[in-house]
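Q: According to my numbering, the sequence shown is numbered sequentially starting from 24.
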Amino acid sequence: MDEILGDDDSEQVNEEEEPFKYAGLDAPTEDPKDYNSQLHDILGHDDEAGEREVEVELRQFDDSDEFETQVRAQSNQGGYPVTDSKPVSLPASPQRATSPEPQDPHKRPAFLHPHVSRLRSFVPQDRHSSASHASYASQRSASGLPTPSAVPSHFSAISRSSSRSRLSDRSQKPVRDAFRWTTLDTASSLTHSASLYGRATVLAANGLICLGTSSSRALIFDFRQQLKHVITPPNTLATHPGAVTAIALSTDHTYVAVGHARGHIFLYDLSSPQTPARTVEPVALKAVLAGRKEGHLIDTPVSHVSFVGARHTAIVSADAAGLAFYHSLGKLFFVEASDVVRILGRYPTPEEVPIGPATEARLRTDAKGKGKATDNASHTRVPTVIVRVASLPLGTTQHSTDPYQIQALITPSKLIVVGFKPSPKTWFRRHNPNQGSKNEPLLAWFPAHIASGDTAKQVNPGRGKPGPTTSPVLVYTWGNVLHFLSVKEDRVTQRIRDNKGKVDKLEVGTLIFNELKTIDLGEYEQARALQWLNAQQLLVVVRPTVIYVYDIPSSNRVETVELDHSWLHPVMFTPQMPASVSHNVKVYKGKTFLLGQDELRVGTLLSWADHILNRVKSGDFIGSIDLAREYYTSTAPGSTYGLPSDPRPIVGTKLLELMASSAQFAFSEQRMREGSGANIDPTLYPRLVEACARACVAMGDMSFFYDDLWEDYAEHGIGAIFLETFIPLVLDNTVPSNIPPVVSQRLVAHCDERGEHKQAEKLLWHIDPECLDVNHAIGLCKRYALYDALIYVYNAGLHDYVSPIVEFLALIRDIQKRRREDSGSKALDAYLEEAVPNAYKVYDYLNNILTGLSYPSKRHMDNGADQAKSNVYSFLCFGRSSTWAGKLVLTAEEDGGIEPPYPYLRQLLRFDAEALLNSLDLAFEDSYLNGPDEAVSRQVIINILLDVLASPPTSGSSNLSASATSFIRIFIARNVPKYPQFIHISPNALRRILVALASDSDSETREDRQLAAEFLLSVYNPTGENELRELFKRAGFFRILRSMYRAEKQWVLLAEAYLQDPGVGAHELFTNLDRLVERTRAQKDRFDEIIALIQNYLHPLVQLGLIQTAYLLDKFSPSLHVQATELLKAQHLRFKYLRALVQPHLAWEMDDDEQETMHIAPPPSQHLDADLQREYLSLMCQEEPDTVLPLLESDSGASFGVEQIIDVCSQHKMFNVIVWAIGRDSGAAPAIKQLEEFQQNQTAEIIQAHA
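1. Let's test the definition: count the other Cβ atoms within 10 Å of the Cβ of Arg-452 and tell me whether it reaches 16, buried, or not, exposed.
2. Measuring CB to CB, does Ile-965 end up less than 8 Å from Ile-1006?
3. Measuring straight from C-alpha to C-alpha, what distance separates Leu-929 and Glu-713?
4. With Tyr-1289 and Leu-213 assumed to form a contact (beta carbons below 8 Å), what rounded beta-carbon distance in angstroms separates them?
5. In the DSSP assignment, find the beta strand (DSSP E) that holds Lys-528 and state where it starts and stops.
6. Quick one: complete alpha helix (DSSP H) runs, 4+ long, within the segment 672–749?
7. Under the DSSP definition of a beta bridge, which residues are partnered with Ala-269?
8. Give me the Cβ distance between Glu-622 and Ser-239, rounded to the nearest whole Å; I'm assuming they're in contact under 8 Å.
9. For a quick check, are the C-beta atoms of Ala-228 and Phe-688 less than 8 Å apart?
10. Is the beta carbon of Val-829 sitting closer than 8 Å to the one on Val-912?
11. Go ahead and pull the three-state DSSP assignment for Asp-1084.
12. Using 8 Å as the cut-off, can you tell me whether the segment 739–755 makes contact with the segment 711–725, which would need three or more C-beta pairs spanning the two stretches below that distance?
13. Does the Cβ-Cβ distance between Phe-1093 and Thr-1103 come in under 8 Å?
14. I'd like the span of the alpha helix (DSSP H) that includes His-1144, first residue to last.
15. Specify, as a first and last residue, the run of the alpha helix (DSSP H) that Ala-800 falls within.
16. What's the gap between the Cα of Ser-216 and the Cα of Asp-649?
17. Short of 7 Å in beta carbon distance, which residues of its chain neighbour His-454, apart from the five on each side in sequence? Order them along the chain.
18. Determine the burial state of Ser-1142: buried for a count of at least 16 other Cβ atoms within 10 Å of its Cβ, exposed for fewer.
19. Could you have a look at Tyr-878 and say whether DSSP puts it in helix, strand or coil?
20. So Ile-338 packs on Gly-286, CB below 8 Å; how close in whole Å?
21. Measuring straight from C-alpha to C-alpha, what distance separates Ile-801 and Glu-1030?
22. Cα separation between Ile-65 and Val-267?
23. Bridge partners of Ala-431, per DSSP?
24. Name the DSSP beta bridge partners of Ser-603, please?
25. Helix, strand or coil, according to DSSP, for Ser-329 in the structure here?
26. So the beta strand (DSSP E) Tyr-499 belongs to, where does it begin and stop?
27. So, for Ile-1270: in the same chain, excluding its five sequence neighbours on each side, which residues have a beta-carbon less than 7 Å away from its beta-carbon?
28. Taking the alpha carbon of Arg-1162 as the reference point, which residue from His-1190, Leu-1124 and Met-1203 has its own alpha carbon closest?
29. Have a look at Ala-1272 and Gln-1118 and give me their C-alpha separation to the nearest angstrom.
30. Can you give the beta carbon distance from Glu-530 to Arg-514, rounded, assuming they're within the 8 Å contact cut?
31. Does the Cβ of Asp-141 have 16 or more other Cβ atoms within 10 Å, making it buried, or fewer, making it exposed?
32. By DSSP, does Ser-237 sit in helix, in strand, or in coil?
33. Let me know the secondary structure DSSP gives Leu-787 once reduced to three states.
34. With H, G and I counted as helix, E and B as strand and the rest as coil, what does DSSP make of Pro-128?
35. Along the chain, where does the beta strand (DSSP E) that runs through Gln-930 open and close?
36. Nearest to Ile-741 by CA position, among Ala-985, Leu-752 and Arg-769, is which residue?
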């Protein structure tokens, strides 16, 4: 700051009034009577944002009448009547029971095919996968019935969150307006460009609406648009002051300061505005340079004027030249005693001339011709500097910073904050980091206020306990980044010693500034105006008629509004300065005033209640429920100012009342008069169900939905619409599962009546079993074979885990009985297509229950898991037929047939042994079977399976198939080594299992049986190895044999085992053969035996790997090349084989099937006889003639003789190769001679051909 003012203690007039405090009281509204108004009552009184027009709302904070005693009486005609009514009190909503939250969905994996069960030689990824139904393929009828595809359970493909209602997509959301705008027609009609007063140029709106005009006048309106004053500059001036370029209203709304285009400033007392109370005239540059005066230069437009604190005669001003001044406009003995101090900027030099008035301001010349502007083009103009000034306003409460009279000033290069009291001082300074920026600098203060934990109480003062006083906050910007700065006072105690040595303590205050945060508007944005809407929201104008509203606590942009370009008229103070809209955007108590080209508008940022009421006004009361729900859950778009951090207590009650009123309106007598009412709008009633359901779920209270809304639909005969809409909400878990029994029973009955039985099954699974009619549900499931839902009802509703197995055993018994009696019939095909997949669900059910999971959701059981396992194990492992639920459970296909031991386990083994054993394999991993106190253990189950294997065959139908017994042995062999501490089997029993595994002739299970035998041999050392070796050889257990031969170092037998094993891949086979032959090279007998083996298996070797065979033979037995090529009948195969020997680096390029392995090519063969060389050269001439010469020129071509080349190439007429070969061996002369002979012969042939 270049210069700073001193304290004006000589001011003798009593103009230091108490700071004006706005009480925040607004006028109440009338009690509405229509439906929309009833909804307004539900939403409650929202102070400055109701459904009244904004023009009427302005009356709510029209506090100019507080000082009406100082001015003459004004007529109230034409104003709006103010009613005095109390806010509508809402009845308290009854306490409602809280519904439990729905559980998270768990998708179950797809039902696995049997051949990827855990008993196979490869294991599936999902350890809790469904059991398979492999045996069905092997058990199909003798007539060759086609195998029905085994479909999974319903819920294999059903996610608990998969369904969505499509009704929401039909409702088109209305256009959402962020502001409610109103044109102030009365004020606009007096300030347009063709009016008597001229066009409005600048605006001030704080308590009154003050408009400066191009005719140098200022018009003062109250918020009823009543014209209070027309202020005209005095006629005694030597020059016309020009258009109004700055205007300000004092804090108590009694004084107006007006700045003009030619540098004049007038201060008017609104109690007598005919003449200025104070006048600040511009000064001449000569007087300034002489040191006689300070102030704005003549013809320099005043760009800013504001009052300092609550004082009337202390103002701060700035002009277009970048000069800022403090004016103390006092009086001494009734004579003006003004003190003007420059606080920013520099004066021009004598060579520079003042800027001159704004060219856009049309001046009205008087009779004397005053007001004419002149311009001296021979002088240099004063450079323009944009300066913005913001005085810290007084807040709604006193703050320790108020006495400092803080002013913030910003230019394109820096920001400074000064204080005038108790002594002038610069408190804060910050330079623009981007000094080359030409953007308009902006700043705005938000004063101190009383904070509250509830944001709504900030909008509605007087409610609740007051909170702490917040510090003032300054926002400033040099372009696209908003900076926030807070200020507070810190008081320290200083010790001061006087002349007598006495020490006194003096408390001294200092200002502390804290940088709070920054908000980036975007790389391509530029702020054009800044105004605080409230303590939490900032209005920013960009581009230049787009409004952003930012939520300061979250730094998020919550609203974006695009305006018409005529709504904001830019002001150009001088031709040299860029146009600016910042002077014409003002905010007062949440109302945004915009001064356009010919119109003045005011807008209110709509509150949450306003947005809901807008939906209601447009007839979309269902959309209003959805929007209220979004406000309840804090997911609503846009501004939420006025709602507390936890909006549920406020919005919840309103939402309930809103739903009730909407339902009452939907089912009103008028709407239902023509019938059911559904034909009026097909989507109305479904959408109402969905909207209310989602709202009640959000609140955790479904009472209104079931007690009131369902009753309305049922009473008016459109309950089916309610149920149809409700079903998807149940299936995707939108609503909790604890549906009242009355509604749940109607849901299931509705699906039953429509024949949608699968839909009913899904519903049963999604409804809390305590809310079901269990008997009705079980009967429905049995009638229509809804086994998933049947299991769910038994398990969750009755905690019965055995009855589902009993139902499945009955189904399996019926399937087996029909297969025997109706074999070959078409009716059997149709029956099996549906029944068999259902029967296979028993294995998936056992997978889940025996591992502690619920079916079919696969969620872990919280309670009762061990009891469920105990019940299931006890039932399955019972040695004879038993009674369950008062009924004897039989398995024999014939009525009165003999029941075998362990009938239930045997029945499941007969139907699909692999699927059951897969379930048991999963169950064996469960720690439940570890307990010594359990009646069933792994050892017990193994013993039962051994007993089943040892049972002699009978003449009945209870015998197990060979496949079933094979999988039982695989199961035992696989699990004995996995649980040695729990399973103990005698060596004789293990040997019997091992022999049986090797004696099985089923080729499809050979690898599975071999893997099981390997498991068994890891813990069992059998005797009689020679006998077992022969048995393994017949069984094709070559992997076991190789392990035995490798341990005994029987290399010949090991090589034979590799050659005989069809499961060995090419890479593994040739790699091991190479190692074995190399290992026995020094042992001639063994070497010859292996070579003989290779010779015997030469045909399958060349079929498995042509190139690898060529490499192997060339390395160890080149004499077999001829035999190998004789086996290759196709010419391209012989060519490929020979290329592997002559050009091995090119061999793999011809083999497309073996590109997955990185191959290292050996050097060219040195063992190829002449016949094979000749054959390869001939094949080269046929297959790839262009590569013959490069081959001969390479290292591989040295082995080809010239006569060989001439003989082969002559047959294929490749004369160039012959000439090259002769030249290589005999020199150039014979080659040229041979070439001449070729030409002569060629010429003769051509002549003969044309003769």
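Note that beta-carbon positions come from the ideal geometry of N, C-alpha and C, so glycine has one too.
A: Walking through what the data contain:
1. Exposed.
2. Cβ distance < 8 Å, so Ile-965 and Ile-1006 count as in contact.
3. For clarity, residue 929 is Arg in the given sequence; the question names Leu instead. C-alpha separation (whole angstroms): 51 Å.
4. The structure shown has nothing for residue 1289, since the chain only spans 24 to 1274.
5. Its beta strand (DSSP E) spans residues 526–543.
6. Counting only runs of 4 or more, we get 692–695, 707–722 and 733–738.
7. Paired residue(s): Gly-282.
8. About 21 Å separates the two Cβ atoms, so there is no contact after all.
9. 8 Å or more divides the Cβ of Ala-228 from the Cβ of Phe-688.
10. Between Val-829 and Val-912, the gap from beta carbon to beta carbon is short of 8 Å.
11. Residue state, collapsed to three classes: coil.
12. Taking one beta carbon from each stretch, the segment 739–755 and the segment 711–725 have 3 or more pairs nearer than 8 Å; the two touch.
13. Not closer than 8 Å, so no.
14. For His-1144, the enclosing alpha helix (DSSP H) covers residues 1144–1150.
15. Bounds of the alpha helix (DSSP H) holding Ala-800 are 797–806.
16. Cα to Cα, Ser-216 sits roughly 46 Å from Asp-649.
17. Closer than 7 Å at Cβ, skipping near neighbours: Ser-436 and Lys-437.
18. So Ser-1142 counts as exposed.
19. Here Tyr-878 sits in coil by DSSP.
20. The beta-carbon distance between Ile-338 and Gly-286, rounded to whole angstroms, is 14 Å. This is too long to meet the 8 Å contact definition.
21. Pairing Ile-801 with Glu-1030, the inter-Cα distance amounts to about 44 Å.
22. The pLDDT assigned to Ile-65 is 46, lower than 50, so where the model puts this residue is not dependable; a value taken from the coordinates is nonetheless given after this. Going from the Cα of Ile-65 to the Cα of Val-267 covers about 47 Å.
23. Among the bridge pairs identified by DSSP, Ala-431 is matched with Ala-413 and Val-440.
24. Paired residues: Val-594.
25. Looking at Ser-329 - three-state DSSP - the assignment turns out to be strand.
26. Per DSSP, the continuous beta strand (DSSP E) segment holding Tyr-499 begins and ends at 496–500.
27. Taken in chain order, the list of residues that qualify is empty.
28. Residue Met-1203 is the option with its Cα nearest to Arg-1162.
29. A straight line joining the alpha-carbon of Ala-1272 with that of Gln-1118 spans about 52 Å.
30. Sure, about 5 Å apart at Cβ, within 8 Å.
31. In the sequence under discussion, the amino acid at residue 141 is Arg, which differs from the Asp named in the question. It is buried - the Cβ of Arg-141 has at least 16 other Cβ atoms within 10 Å.
32. In this structure, Ser-237 counts as coil in the three-state DSSP scheme.
33. When secondary structure is reduced to three states using DSSP, Leu-787 falls in the helix class.
34. Caution applies to Pro-128, whose pLDDT of 37 falls short of 50 and renders its modelled position unreliable; the value that the coordinates give is listed next. Pro-128 carries a coil assignment under DSSP once its states are collapsed to helix, strand and coil.
35. No beta strand (DSSP E) contains Gln-930, which is instead part of the alpha helix (DSSP H) from 926–947.
36. It is Arg-769 whose Cα lies nearest to the Cα of Ile-741.
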